[in-house]
Amino acid sequence: MPSESPRPLGVDHPGAISRSPGEPPIEAIILVGGLGTRLRPLTLTTPKPMIPVMNRPFLEHVVRWLAGHGVDHLIFSTYHLPEPIQTHFGDGSLFGLAIDYSQEDQALGTAGALKHAEPLLRDDRFIIFNGDILTDVDLTALMAHHRQTGAVATVALAEVADPSAYGMVVLDGADRVLRWVEKPSPAEAVSPWVNLGGSVLERRALDVLPAGEVRSLERDLYPALIASSESVAGFRTHAFWRDLGTPERYRAAHDEALRGQVALPSVQPDLVTADRFPGVRVFGPVTVGPGTTIGSGTRLIGPACIGPDCAIGRLCTVDRAVLWSGVTLGDRTTVSQAILGDGVAVGPGCDLSGDAVVGAGARVGAGNTLANGIRIAPGAELADGVLGFDPR
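full-length UniProt numbering applies: residue 1 is where the sequence shown begins, and numbers increase by one.
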């Protein structure tokens, strides 16, 4: 879902929202409390918004993107594994903005989370975004459109060929939202426009929500606002956007970043050249973190992302894969279209492919074959040669 001309997230936008001294802050609530079940086992030890993208926590890219558009007060709505988020971001001062945390004792859903965070708001207007969306949508233009329409909510929309996996939106001629259908059936799929995971809301929109109850943006809040006398606007965009919610989409985000389809704010891809690792052959865009060693005769086939402090043996192949930090590969091991979490150790002569996902700290003994989307739990230990797949 690339935009026509990639632009860096988080770099100060030329039309970024500006305010006079004393004006209220530009605020955003980021929903980061999800369990990330589709990304397990990675999210059993790392909250989904903190999984690394190009060797930086994904949420760091989001924060810098928001700051580049003038946002100066963030509220993280947390539930699952909040500690890594709080430890990394603190009060936000290192990132040039203020950060508060709204911790849920029980999961309240996407809209329930907003209601829970409401006491932390400092103004009557705020941005919301899902914490697993990579996008370069023009927030400055989205905010301007919201102000111009006078709507109680303005939803950022993307055009897709098949809306069945998304929240489909039906618009009138003035781009007001007439109907919202979550994951429509083929018969219901009458519009190509879908929610890309972000909106601007007036604080009064939360008045329709009861406190402390489970509520959904898509099934409760937006339909209630549409049914009321309030106006809900759509903001059509052809910006880049990517949902990181599955292993396939997570790897695709790396592919797109490495190919230059989206520029990330926290990194400039340090693409590997053949002279950095003598005896290693490099094909396509590959980035390798600091402190990583790679043995001679190994092939790196991009797009691929290898984290810091990894140790890759001789005659290995890393092909369109994502390796987190501290991964060890024994000699003659192949990792192709797979994801390996922090500290994974793989013995010699293994073949990990076909969307295999290995959780943090797992040990895979020599001669194992992992394929067909297999997932290995964090800390698991596989003895030598216990797993194999018949390619037929």
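Positions of the beta carbon are idealized from the N, C-alpha and C atoms, including for glycine.
Give the DSSP bridge partners of residue i, in chain order.
i      : result
Cys305 : Thr287 and Val322
Asp243 : Ile133
Gly167 : Glu182
Leu382 : Val364
Val232 : Ala153
Asn195 : Leu157
Val202 : Going by the sequence as given, residue 202 is Glu instead of Val. DSSP, once it has assigned bridges, lists Arg125 as partnering Glu202.
Residues in its own chain within less than 6 Å of residue i by CB, not counting five upstream and five downstream?
i      : result
Pro223 : Trp180
Gly313 : Gly295, Leu329, Gly330 and Asp331
Leu340 : Leu323, Val327 and Val358
Leu178 : Val170 and Asp172
Asp351 : Thr334 and Thr369
Glu381 : Arg363
Arg215 : Gly109, Ala111, Gly112 and Leu209
Pro247 : Ile339, Asp355 and Val357
What's the call for residue i, buried or exposed, on a 16-neighbour Cβ count within 10 Å?
i      : result
Phe240 : buried
Val232 : buried
Gly291 : exposed
Asn372 : exposed
Asp207 : exposed
Thr293 : exposed
Val386 : exposed
Ser228 : exposed
Ser353 : buried
His238 : exposed
Phe277 : buried
Tell me which same chain residues have a C-beta within less than 8 Å of the C-beta of residue i, skipping the five on either side of it?
i      : result
Gly245 : Gly36, Arg38, Leu39, Lys48 and Asp132
Ser5   : With a pLDDT of 38 at Ser5, under the threshold of 50, the modelled position of that residue is not reliable, and the figure given next carries that caveat. Taken in chain order, the list of residues that qualify is empty.
Gly90  : Ile99
Ser191 : Pro163, Met168, Val169, Val170 and Leu171
Gly349 : Gly330, Asp331, Arg332, Thr333, Ala366 and Gly367
His88  : Met50, Pro57, Leu59 and Glu60
Ala161 : Pro192
With a threshold of 7 Å on Cβ separation, who are the neighbours of residue i within its own chain once the five nearest residues in sequence on each side are excluded?
i      : result
Ser199 : Ile128, Ala153, Thr154, Val155 and Ala156
Phe235 : Leu142, His145, Thr154, Val155, Ala156 and Leu157
Ala252 : Arg242
Gly388 : Thr369
Gly92  : Leu74, Ala98 and Ile99
Ala151 : Ser231, Val232 and Ala233
Ala189 : Pro163, Ser164 and Met168
Measuring CA to CA, which of the options is closest to residue i?
i      : options                           : result
Gln337 : Ala383, Ala67, Leu315 and Asp255  : Asp255
Met168 : Glu218, Ile30, Thr287 and Ala321  : Glu218
Ala205 : Glu118, Gln106 and Asn195         : Glu118
Val280 : Pro303, Glu248 and Thr317         : Thr317
Leu139 : Pro378, Ser77, Ala366 and Gly68   : Gly68
Ala345 : Asp319, Asp309 and Asp355         : Asp309
Ala211 : Phe95, Ala165 and Leu114          : Leu114
Arg375 : Leu44, Arg64, Gly33 and Ile29     : Leu44
Gly297 : Val286, Ala28 and Leu315          : Leu315
Glu202 : Ala174, Phe126, Cys305 and Leu196 : Phe126
Ala107 : Leu221, Glu213 and Arg249         : Glu213
Gly96  : Asp72, Gly347 and Thr273          : Asp72
Val288 : Cys305, Pro52, Asp105 and Gln261  : Cys305
Any C-beta of chain D sitting closer than 8 Å to the C-beta of residue i?
i      : result
Gly313 : Structure shown: chain D not included; a single protein chain is present.
Going along the chain, which unbroken runs of the beta strand (DSSP E) with 3 or more residues stay wholly within the segment 47 to 125? With a minimum length of 3 residues, the continuous beta strand (DSSP E) runs that stay inside the segment 47 to 125 are 73 to 78 and 98 to 103.
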